[in-house]
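Chemist: Here it is, the structure, as structure tokens.
Residue numbers (the numbering used here): 1477 to 1612.
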């Protein structure tokens, strides 16, 4: 699948379309260069799920926890600062990744070997005109 976002006003609709296609995947890994919009897109998806908390990148906390309007937990990870996989072991990743709760993961490269088999991989790419392509 592919979704194109031409301007910032299209992000909420793109997030809604994305959710329609991916509801069976509890763990979703987002790939893309720094500044491409991974956190912005995860924020829009979380808002579509009814999260009312302030949604920010968990760069320093590693994981943020939110609750959807239906009472489901959503975990938002950012593994950018992780240098060794042992740090992820210490975090207790299994309790998150295999909980059945929604997990959004930014910078998943270091944890790829730990991800469940049915993890959805999403690539966000910026085009020359500034638009974004989301492929999954």
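All residues carry an ideal CB built from backbone N, CA and C; glycine is no exception.
Because the structure is a prediction, the values reported are computed rather than measured.
Buried or exposed: which applies to residue 1536, given that a residue is buried once 16 or more other Cβ atoms fall within 10 Å of its Cβ?
Modeler: That one is exposed.
Chemist: Tell me, to the nearest whole angstrom, how far the beta carbon of residue 1550 is from that of residue 1578; I am working on the premise that it is less than 8 Å.
Modeler: Yes, they are in contact, since the Cβ atoms of residue 1550 and residue 1578 sit about 5 Å apart, within 8 Å.
Chemist: Per DSSP, what kind of secondary structure is residue 1499 in: helix, strand or coil?
Modeler: Residue state, collapsed to three classes: coil.
Chemist: For residue 1538 and residue 1516, which I take to be in contact (beta-carbon distance under 8 Å), what is that distance rounded to the nearest angstrom?
Modeler: In fact, because the Cβ distance is near 19 Å, the residues do not count as touching under 8 Å.
Chemist: Does the pairing of the region 1579-1591 with the region 1553-1560 give three or more beta-carbon distances under 8 Å?
Modeler: Yes, the region 1579-1591 is in contact with the region 1553-1560.
Chemist: Measuring CB to CB, does residue 1501 end up less than 8 Å from residue 1567?
Modeler: Cβ atoms of residue 1501 and residue 1567: not closer than 8 Å.
Chemist: Rounded to a whole number of angstroms, what is the C-alpha to C-alpha distance between residue 1604 and residue 1558?
Modeler: Near 30 Å, if we compare the C-alpha coordinates of residue 1558 and residue 1604.
Chemist: Does the beta-carbon of residue 1569 have 16 or more other beta-carbons within 10 angstroms, so that it is buried, or is it exposed?
Modeler: It is buried - the Cβ of residue 1569 has at least 16 other Cβ atoms within 10 Å.
Chemist: Kindly indicate which three-state DSSP category residue 1537 falls into: helix, strand or coil?
Modeler: Coil, per DSSP.
Chemist: Measure the C-alpha to C-alpha separation of residue 1602 and residue 1507 and round it to an integer number of angstroms.
Modeler: C-alpha separation (whole angstroms): 12 Å.
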